[in-house]
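K.L.:
Below: one structure in structure tokens.
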Amino acid sequence: MEHEVFVPFPPGTVRQALADPERVARCVPGFQWDAGSGPGTLAGRLRLRAGGSTITYHGTLRVTERDGGELAVEAEGSEARGDGSAGVTLVLRLNAADGGTSLVCDGSVRSRGRLAEVDGKAAASAGRRLLDRFAAALASDLEET
């Protein structure tokens, strides 16, 4: 899956924001952060709407810097109700764009359980919607600081 979102701030500002776990936690729609998470890793609960279902996962999210200035996002979670699980691996490329940053997201999703039963197009749509809402929340959060 590849998706591109726009954040109306310079790449350096966006990179710095993505390195702040508390800010990332505030900006992921449906995510409730466990404040006792370790350094660099967010633990918590994520409610995801895909297809006609709402699925809650308990898990972790980690953002790390890679060679070449890319960022890696890794998330793993288990269904709060049921025995399903999901994992996401994203590579983020921040490119300067007119008036801000183009954030190119390239990744994959692994799932079993309820998310695996959702139509592939509906699941991809839910992922794109989550990234769009994250970018909007990040822009709003940056405006406030």
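Sequential numbering of the sequence shown, starting at 127, is according to our numbering. Glycine included, each C-beta is placed from N, C-alpha and C at the ideal position.
So, with DSSP's three-state summary, where would you put D224?
P.N.:
Coil, per DSSP.
K.L.:
In terms of residue numbering, what span does the alpha helix (DSSP H) encompassing V140 cover?
P.N.:
It spans P137 to L144 - the alpha helix (DSSP H) in which V140 sits, taken as one unbroken run.
K.L.:
Which value, in whole angstroms, describes the spacing of the CA atoms of T114 and A223?
P.N.:
Limits of the chain in this structure are 127 at one end and 271 at the other, which puts residue 114 out of reach.
K.L.:
Can you name the residues that DSSP bridges to L218?
P.N.:
Looking at the DSSP assignment, L218 forms a beta bridge with L197 and C231.
K.L.:
Cutting at 6 Å between CB atoms, please list the residues of its own chain near G239, excluding the five before and the five after it.
P.N.:
Only E205, G208 and G210 meet the Cβ criterion.
K.L.:
Count the other CB atoms, across all protein chains shown, that sit within 10 Å of the CB of G203; report buried if there are 16 or more and exposed otherwise.
P.N.:
Buried, because 16 or more other Cβ atoms sit within 10 Å of the Cβ of G203.
K.L.:
Should S237 be labelled buried (16 or more other beta-carbon atoms within 10 Å of its own) or exposed?
P.N.:
Looking at its Cβ environment, which holds 16 or more other Cβ atoms inside 10 Å, S237 is buried.
K.L.:
Which term fits P165, buried or exposed, when burial requires 16 or more other beta carbons within 10 angstroms of its beta carbon?
P.N.:
With fewer than 16 Cβ atoms within 10 Å of its Cβ, P165 is classed as exposed.
K.L.:
So L168 packs on P147, CB below 8 Å; how close in whole Å?
P.N.:
Sure, about 5 Å apart at Cβ, within 8 Å.
K.L.:
Assuming H129 and R254 form a contact by the criterion Cβ under 8 Å, report the distance between their Cβ atoms to the nearest whole angstrom.
P.N.:
Confirmed, Cβ separation roughly 5 Å.
K.L.:
Shortest alpha-carbon distance to F132 belongs to which of L216, G226, A161 and A248?
P.N.:
Answer by Cα proximity: G226.
K.L.:
Could you tell me whether the Cβ atoms of D232 and V214 are closer together than 7 Å?
P.N.:
No, these two residues do not count as a Cβ contact at 7 Å.
K.L.:
Alpha carbon to alpha carbon, how far is V199 from A212? Give it in angstroms, no decimals.
P.N.:
If you take the alpha carbons of A212 and V199, they lie about 14 Å apart.
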